[in-house]
């Protein structure tokens, strides 16, 4: 171990020791950004960057377990990403499938897919469904894997589901218009029944949501980190938690 690693570990231990677990966010959303830029900076290929980013997920989930986080949402593939050229998309989907299998096989976490399943290839759908089913009984962190996810698409899907649900019940459009409210729409989101994210972390220095959890993040706190996702360290994670704990959440009041 070199001096730099030693100093880093000591600093991380100091930050963790001062962390108030009572102030830890229960639901964290993470925009895993910067894989390709990290690879380019290190002289690697985009595929190598995505593989490095996938490996980092297991570290993050371990840190979340240590700090009593209850729900983690990982944005792994957006609906916009599905428009990438096939020679880019196919390897990326394979890396995501392997990452989901690894999360499920660990045995500590419960996997839940958020996104539009129909937009994904049959093999990816099968991996996501199998991961959900095999971890359904696990009483650990709920890990939402956002694959083929878009915030606008989620809201559109929720409204469509709401309309179809009430159509089956024989509710007229006029009757539905009289009663529809925020809670009714929320019941049809991909994350229905879950708490909204308390904290949203985005890596790579970009300061925008890009459509991530548009509905659920109305009162979330945001933390933008300069480091690219594959280089995200435990101390970066702990700093995000410390920053969150220092904020006073007003929920619009």
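Residue numbers (our numbering): 14 to 266.
Backbone N, C-alpha and C define an ideal beta-carbon position, used for all residues, glycine too.
Contact annotation: residue 49 and residue 62 have beta-carbon atoms nearer than 7 Å. Residue 91 sits in a strand when the DSSP states are folded into three classes. Contact annotation, residue 95 with residue 157: C-beta distance approximately 18 Å; criterion of less than 8 Å not satisfied.
Within its own chain, the residues whose Cβ lies closer than 7 Å to the Cβ of residue 113, once the five positions on either side in sequence are excluded, are 124, 140, 141, 144, 158, listed in chain order.
In this structure, 40 is the residue among 241, 35, 34, 40 with its C-alpha nearest to the C-alpha of residue 209. Cβ-Cβ distances below 6 Å link residue 237 to 215, 220 in the same chain, with the five nearest sequence neighbours on each side left out; the list follows chain order. Residue 82 and residue 251 have their alpha carbons spaced roughly 12 Å apart. According to the DSSP assignment, residue 237 belongs to the beta strand (DSSP E) that extends over 234-237. CA-to-CA, the gap between residue 101 and residue 201 works out to about 32 Å. Annotated as proximal: residue 217 and residue 47, with beta-carbon spacing under 7 Å. Residue pairing by DSSP places residue 42 opposite 86, 213 in a beta bridge. When secondary structure is reduced to three states using DSSP, residue 123 falls in the strand class. In the DSSP annotation of this structure, the continuous segment of the beta strand (DSSP E) that includes residue 157 starts and ends at 154-162.
A Cβ-Cβ contact shorter than 7 Å links residue 128 with residue 161. Counting C-beta pairs closer than 8 Å gives fewer than three between the region 114-122 and the region 239-246, which falls short of the contact rule. Residue burial annotation: residue 183 is exposed, with fewer than 16 other C-beta atoms found within 10 angstroms of its C-beta. A residue is called buried when at least 16 other Cβ atoms come within 10 angstroms of its Cβ; residue 190 does not meet this threshold and is exposed. Distances from the alpha-carbon of residue 195 to those of 205, 149, 135 put 205 closest. Cβ contact annotation for residue 253 (same chain, cutoff 6 Å, sequence separation greater than five): 214, 236, in chain order. Following the DSSP letters along the chain, one finds residue 62 inside the alpha helix (DSSP H) bounded by residues 59-79.
Straight through space, the alpha carbons of residue 187 and residue 37 are spaced by roughly 44 Å.
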